[in-house]
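**Student:** Before anything else, here's the structure in question.
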Amino acid sequence: MDRITNFRIGLSSGIVALLVGIGGIFDLGRFWYQDASELVLKSLLGIALGVWISEQIIRLKSARKWILGPDYIEGFWRLETRPSAESDRPSQHLLQHLGVLHLYFDKNSGRYRAVTTRIDGDNDVFRVTSEAVHIRKDDANLRYLNYFRIHHKKSAAQFGISHGTFLPASDLTDTTNKFESEIFTSDCRAMHQTAVKISESQVQKLICKYSSEWPEEYLRNERKNLNLTDEQTVDF
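Reading the sequence shown from the start, the letters are residues 459 to 694 in this note's numbering.
Structure follows, in structure tokens:
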């Protein structure tokens, strides 16, 4: 992402300038052209040191929050998926079940990855894993492209790609808390997905109540609420 890239470049440049400057202070009798190899060596050392330090800093969640500011997207998201308006196959698909997406920064690969928990009509829990291929800032919006794979014990392996936009943070939020995307699956389905971020305070409450199984319990409760709303609508 642009902010992280700029941070890396800025830190490396600062360290290079510091090393070269310190060398100049302690060696005032020499001009830079008298020892170009030393200048090159210090530059390379500064770049390497800057890259290493920046990688260690970026591994810290609090640092990524500070660097990315309103573009910080890690956390848990509530997903709703529906057939696209132009889709000619509106029948139910596994991805149309409500989902809880956990978007996180993989420290080993330096990429964003995600695991989505969903519950199908038979009350079976399944997962969708994905990895961001590309994320870039376009004006006020953060856009992404990723690929995903569906892991369901009762169906053949499915995969697909999606592209979407994280909407800008509002005046009431410090970071972006909504995104929309278009999904294309290996069985030729086109779907539209919307997501709202689940606040960190709500996640902590759910963890305290349900432990690590909270996404499943959250989805079951949400499904009950949706069914209740549908029944009330029919009564009227």
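Each residue gets a CB set at the ideal place from its N, CA and C atoms; glycine is no exception.
Quick caveat, the model's predicted, so the values are computed rather than measured.
Would you call the stretch 641 to 654 and the stretch 610 to 618 touching, i.e. three or more CB-CB distances under 8 Å?
**Tutor:** By the Cβ test, the stretch 641 to 654 is in contact with the stretch 610 to 618, since at least three Cβ pairs between them sit closer than 8 Å.
**Student:** Among Arg-466, Asn-683, Leu-603, which has the Cα closest to the Cα of Ile-511?
**Tutor:** Here residue 511 refers to the residue found at position 53 when the sequence shown is read from its first residue. Looking at the Cα atoms, Arg-466 is the closest of the given residues.
**Student:** Give the range of the beta strand (DSSP E) segment to which Ser-620 is assigned.
**Tutor:** Your numbering for residue 620 matches position 162 in the sequence shown. The continuous beta strand (DSSP E) containing Ser-620 extends over residues 616 to 624.
**Student:** Classify Leu-662 as helix, strand or coil using the three-state DSSP reduction.
**Tutor:** As a position in the sequence shown, residue 662 is number 204, starting the count at 1. It is worth fixing the name first, because residue 662 is Gln in this sequence and not Leu. In the structure shown, Gln-662 sits in a helix (DSSP, three-state: H, G or I).
**Student:** CB-CB under 6 Å to Tyr-530, same chain, minus the five flanking residues each way: which ones, in chain order?
**Tutor:** What you label residue 530 is simply residue 72 of the sequence shown in a count that begins at 1. For Tyr-530, same chain residues with a beta-carbon under 6 Å away, outside a window of 5 residues either side, are Lys-523, Thr-633 in chain order.
**Student:** Since Val-558 sits in a beta bridge, which residues does DSSP pair it with?
**Tutor:** In the sequence shown, the residue the question calls residue 558 occupies position 100. Looking at the DSSP assignment, Val-558 forms a beta bridge with Arg-536, Thr-575.
**Student:** Rounded to whole angstroms, what is the Cα-Cα separation between Asp-509 and Thr-623?
**Tutor:** Counting from one through the sequence shown, the residue named residue 509 turns up at place 51. Counting from one through the sequence shown, the residue named residue 623 turns up at place 165. In the sequence under discussion, the amino acid at residue 509 is Val, which differs from the Asp named in the question. Using only the alpha carbons, I get a separation of about 29 Å.
**Student:** Can the beta-carbon of Leu-537 be found closer than 8 Å to that of Thr-574?
**Tutor:** As a working note, residue 537 is residue 79 in the sequence shown. As a working note, residue 574 is residue 116 in the sequence shown. Yes, the Cβ-Cβ distance between Leu-537 and Thr-574 is below 8 Å.
**Student:** Do the CB positions of Leu-507 and Ile-462 come within less than 8 Å of each other?
**Tutor:** As a first step, residue 507 is located in the sequence shown; it is residue number 49 there, counting from the start. As a first step, residue 462 is located in the sequence shown; it is residue number 4 there, counting from the start. Not closer than 8 Å, so no.
**Student:** Hey, how far is the Cα of Val-558 from the Cα of Ala-572?
**Tutor:** In the sequence shown, residue 558 corresponds to position 100, counting from 1. In the sequence shown, residue 572 corresponds to position 114, counting from 1. Whole-angstrom Cα-Cα distance: 10 Å.
**Student:** When we look at the beta-carbon of Asn-464 and count the other beta-carbons within 10 Å, is it buried (16 or more) or exposed?
**Tutor:** On the sequence shown, residue 464 is found 6 positions in, with the first residue counted as 1. Exposed, by the Cβ-count rule.
**Student:** Going by beta carbon distance, what residues of the same chain come within less than 7 Å of Phe-563, once the five residues before and after it are set aside?
**Tutor:** Taking the sequence shown and counting its residues from 1, the one referred to as residue 563 is at position 105. Excluding sequence positions up to five before and after Phe-563, its CB lies within less than 7 Å of the CB of Arg-522, Glu-532, Tyr-570, all in the same chain and listed in chain order.
**Student:** Roughly how many whole angstroms lie between the Cα atoms of Met-649 and Tyr-676?
**Tutor:** Residue mapping note: residue 649 aligns to position 191 of the sequence shown, counting from 1. Residue mapping note: residue 676 aligns to position 218 of the sequence shown, counting from 1. Spanning the two alpha carbons is a distance of roughly 23 Å.
**Student:** Expressed to the nearest angstrom, what Euclidean distance is found between the alpha-carbon atoms of Asp-597 and Lys-611?
**Tutor:** Translated into positions along the sequence shown, residue 597 becomes position 139. Translated into positions along the sequence shown, residue 611 becomes position 153. Those two C-alpha atoms are separated by around 42 Å.
**Student:** Assuming contact is defined by CB atoms lying nearer than 8 Å, are Arg-678 and Ile-608 in contact in what I supplied?
**Tutor:** If you number the sequence shown from 1, residue 678 lands on position 220. If you number the sequence shown from 1, residue 608 lands on position 150. No; because the gap between Cβ atoms is not below 8 Å, this pair is not in contact.
**Student:** Using the C-alpha atoms, what's the distance from Pro-541 back to Lys-663?
**Tutor:** Position 205 of the sequence shown holds residue 663. Position 83 of the sequence shown holds residue 541. Roughly 33 Å separates the two Cα atoms.
**Student:** Given this structure, state the Cα-to-Cα distance separating Ile-656 from Lys-595, to the nearest angstrom.
**Tutor:** Locating residue 656 in the sequence shown gives position 198, where the first residue counts as 1. Locating residue 595 in the sequence shown gives position 137, where the first residue counts as 1. The alpha-carbon atoms of Ile-656 and Lys-595 are separated by roughly 23 Å.
**Student:** Provide the residue span of the beta strand (DSSP E) that contains Leu-600, from first to last.
**Tutor:** Within the sequence shown, residue 600 is the residue found at index 142, counting from 1. Looking at the DSSP string, the run of the beta strand (DSSP E) that includes Leu-600 is 599 to 609.
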